[in-house]
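Single-structure report; data block below.
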Amino acid sequence: MVLELIGLEVLPPPVHMNTMDANLAPPIPFDNSYARLPERFFARVQPTAVAAPKLIRINEPLARELGIDPQALATPEGVAILAGNRIAEGSDPIAMAYAGHQFGNFVPQLGDGRAILIGEVVDTKGIRRDIHLKGAGRTPYSRMGDGRAALGPVLREYIVSEAMAALGIPTTRALAAVTTGGWVLREEPLPGAILARVASSHIRVGTFQFFAARKDTDAIRTLADYTIARHYPHLNDRPDKYRELLSAVIARQGELIAKWMHVGFIHGVMNTDNCSIAGETIDFGPCAFMDTYHPSTVFSSIDRGGRYAFASQPVIANWNMVRFAETLLPILGDTQEEAIATAQERIDAYPPQFQAAITAGYAAKIGIARQAADDTALIQDFLTVMANGAADYTLTFRALSDTAEDPAHDAKLRALFTGSDALDAWLQRWRDRRASDPRTPRDIATAMRAVNPVIIPRNHQIEAVIKAAVSGGDFAPFHRLVDELSKPFDDRPGIDDLKQPPKPEEVVHATFCGT
Ligand code: AMP
Ligand code: MG
1338 MVLELIGLEV LPPPVHMNTM DANLAPPIPF DNSYARLPER FFARVQPTAV AAPKLIRINE
1398 PLARELGIDP QALATPEGVA ILAGNRIAEG SDPIAMAYAG HQFGNFVPQL GDGRAILIGE
1458 VVDTKGIRRD IHLKGAGRTP YSRMGDGRAA LGPVLREYIV SEAMAALGIP TTRALAAVTT
1518 GGWVLREEPL PGAILARVAS SHIRVGTFQF FAARKDTDAI RTLADYTIAR HYPHLNDRPD
1578 KYRELLSAVI ARQGELIAKW MHVGFIHGVM NTDNCSIAGE TIDFGPCAFM DTYHPSTVFS
1638 SIDRGGRYAF ASQPVIANWN MVRFAETLLP ILGDTQEEAI ATAQERIDAY PPQFQAAITA
1698 GYAAKIGIAR QAADDTALIQ DFLTVMANGA ADYTLTFRAL SDTAEDPAHD AKLRALFTGS
1758 DALDAWLQRW RDRRASDPRT PRDIATAMRA VNPVIIPRNH QIEAVIKAAV SGGDFAPFHR
1818 LVDELSKPFD DRPGIDDLKQ PPKPEEVVHA TFCGT
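Just so we're aligned, residue 1338 is where the sequence shown starts under my numbering, counting upward by one.
Following this line, the structure appears as structure tokens:
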């Protein structure tokens, strides 16, 4: 049982901005749509006020993209909104209902237990985005939880989600982080914090499962129509729009997992409630980037069986898509047989689509612009050499980019591997393969460096940043890491320490979701 140590019940309820001090509030151009869906889709719930909110960071470019003035958001009135102490004008706070398979076991009711959707905005590009406060207090879905988030996981999600965005990977974003001035009890008392998270929506496979478990076909149809209008509007007028929705979600999921794998990202908790229908990375818990490459790498302390290991992610995403397809069965065909046949046909498209996406990305990473049939073997063999040589995933692809420009860098590449015979044999094949490429070595290397990051959020660096903030109240390392990770592909002076894999004593063996 987790408890909020400071008795927040003594605090007054949140202040509504449309009745008090409205002129002081930073305008957030709310335009809510999910809150207009039927009542059984969510619970209306106010954030619980916190003791003494203090701003850690505002993501200024993202705020502007959302049509919010970052300066106004940083005022005490703005920070009060980010902490859930004030309800901004136009906000209609709700906790969304969802179910989900957690580590393969179905839980018919999960829902937002510690996150509250304060509303939606249509951004400057015309895209509707959710603003969520994660850690904003208890909701009807909190079960035994305290509805709160600790500072460490909030900083971790801020760093990793923003790094993912900079790497060009679909993801939820971090708009702001605040400390609450209160404490949350986990294994020990920890400072509380709230993350303002932005997503293109928070609809999950588990949202569909919630209604499927209740045999609520009307709700499934309503949710599917809403999802199509919001995320796949080109399908709106198709007579077979639900089948196409299934295909579109499957395609985006395959592309997403391929992108994760290209940068060595391990989500850690690919439960169906953490699987976004929009194809974004969502719910950063015990996620991690691999340092040394090995396909069976697992960091998450709660993933004891290795269900969500690095190389298992494509299979798990496929499994999650089958669960999604099941929820759509009542609206996929006139008869059950027809619906099942349709679902199976759409699901069967996943493996080849994923294979095409993963191969295309790896081909680009090793400097191949036009793929040939045996490139799959070339790629697979490189990964095997890397695994056997215990090489650092990120540094290896980056050094390969350098050596594509000038073989004088071979030595630097070799130094990353425990033995170099297998690497040398592979390099020879790779050079033979590239001999017919009309591009200059320099152009090839430039293209490779644009897809092979020089820095990623490494676990030991994240841990150091969290330690400085949690035990020393020093947020400077956090700000620096976020700033530098916004340019992951540019090598430049001043980031040498961030390129480094952990020293043996710095290796992080397990990551925790901290809930
Ligand atoms: P997660 O593992 O973060 O995806 O969360 C799984 C479920 O547990 C979701 O329904 C969360 O809302 C809920 N949950 C996680 N942490 C807490 C907490 N501290 N208080 C209440 N609910 C929580
Ligand atoms: Mg979750």
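Virtual Cβ for every residue (Gly too), placed ideally from N, Cα, C.
Alpha helix (DSSP H) segment containing residue i, residue limits
i     : result
V1600 : K1578 to V1600
F1545 : V1542 to A1550
R1401 : E1397 to E1402
Q1673 : Q1673 to D1685
L1764 : D1758 to R1771
R1776 : Segment: none, R1776 is in no alpha helix (DSSP H) and carries neither H nor E.
D1811 : Per DSSP, D1811 belongs to no alpha helix (DSSP H) and is neither H nor E.
K1824 : It is not in any alpha helix (DSSP H) - K1824 carries neither H nor E in the DSSP assignment.
S1738 : Y1730 to E1742
M1723 : D1712 to N1725
P1651 : Q1650 to L1665
L1410 : P1407 to L1410
Y1563 : T1554 to H1568
D1833 : D1833 to K1836
Residues sharing a beta bridge with residue i, DSSP
i     : result
S1537 : Answer is none; S1537 lacks a bridge partner.
N1611 : None; N1611 has no bridge partner.
E1457 : D1467
F1367 : V1458
N1442 : Q1439
G1529 : A1487
K1391 : T1516
R1423 : V1352
A1380 : A1432
A1625 : I1603
Start-to-end residues for the beta strand (DSSP E) that takes in residue i
i     : result
A1748 : It is not in any beta strand (DSSP E) - A1748 instead sits in the alpha helix (DSSP H) that spans D1747 to R1751.
H1631 : First-last for H1631: undefined, no H or E at that position.
T1385 : Per DSSP, T1385 belongs to no beta strand (DSSP E) and is neither H nor E.
I1431 : I1431 to M1433
V1844 : It is not in any beta strand (DSSP E) - V1844 carries neither H nor E in the DSSP assignment.
V1515 : R1510 to L1522
Residue i CB to nearest heavy atom of the ligand AMP below 7 Å
i     : result
T1606 : Note that residue 1606 is Val in the sequence shown, not Thr. Result yes, Cβ under 7 Å from the ligand AMP.
L1665 : no
G1482 : yes
R1641 : no
C1850 : yes
K1452 : Sequence check: residue 1452 is Ala here, not Lys. Yes - the ligand AMP has a heavy atom lying nearer than 7 Å to the Cβ of A1452.
S1498 : no
R1660 : no
D1368 : no
L1447 : yes
R1766 : no
S1637 : no
R1575 : no
Residue i: CB within 7 Å of a non-hydrogen atom of the ligand MG
i     : result
D1610 : yes
D1620 : yes
Sub-8 Å separation of residue i and residue j beta-carbons
i     : j     : result
L1822 : V1802 : no
F1626 : G1601 : yes
F1812 : P1790 : no
D1368 : E1426 : no
I1793 : T1713 : no
I1668 : I1557 : yes
Closer than 7 Å: residue i CB and nearest the ligand NAD heavy atom
i     : result
D1712 : With respect to small molecules bound, the structure shown includes the ligand AMP and the ligand MG and not the ligand NAD.
Distance, residue j Cα to residue i Cα
i     : j     : result
I1614 : L1454 : 17 Å
S1638 : D1774 : 45 Å
V1382 : G1484 : 12 Å
V1722 : A1759 : 6 Å
R1660 : T1609 : 8 Å
D1729 : L1835 : 14 Å
G1643 : I1594 : 17 Å
A1701 : T1517 : 44 Å
P1375 : Y1563 : 12 Å
G1344 : G1726 : With a pLDDT of 39 at G1344, under the threshold of 50, the modelled position of this residue cannot be trusted, and the question is left open.
E1341 : L1522 : Because E1341 sits at a pLDDT of 39, beneath the cut-off of 50, its placement in the model cannot be relied upon, and the point is left open.
A1486 : A1784 : 40 Å
Y1495 : D1820 : 11 Å
W1520 : A1741 : 52 Å
Q1690 : H1568 : 20 Å
A1409 : A1362 : 8 Å
F1636 : P1841 : 16 Å
R1575 : N1396 : 38 Å
E1346 : I1424 : With a pLDDT of 45 at E1346, under the threshold of 50, the modelled position of this residue cannot be trusted; read the value that follows with caution. Approximately 17 Å, taken between the alpha carbons.
V1748 : I1393 : The residue asked about is misnamed: residue 1748 is Ala in this sequence, not Val. Cα-Cα distance, rounded: 43 Å.
L1720 : S1428 : 49 Å
Closer than 8 Å to chain B by CB, residue i
i     : result
D1555 : Structure shown: chain B not included; a single protein chain is present.
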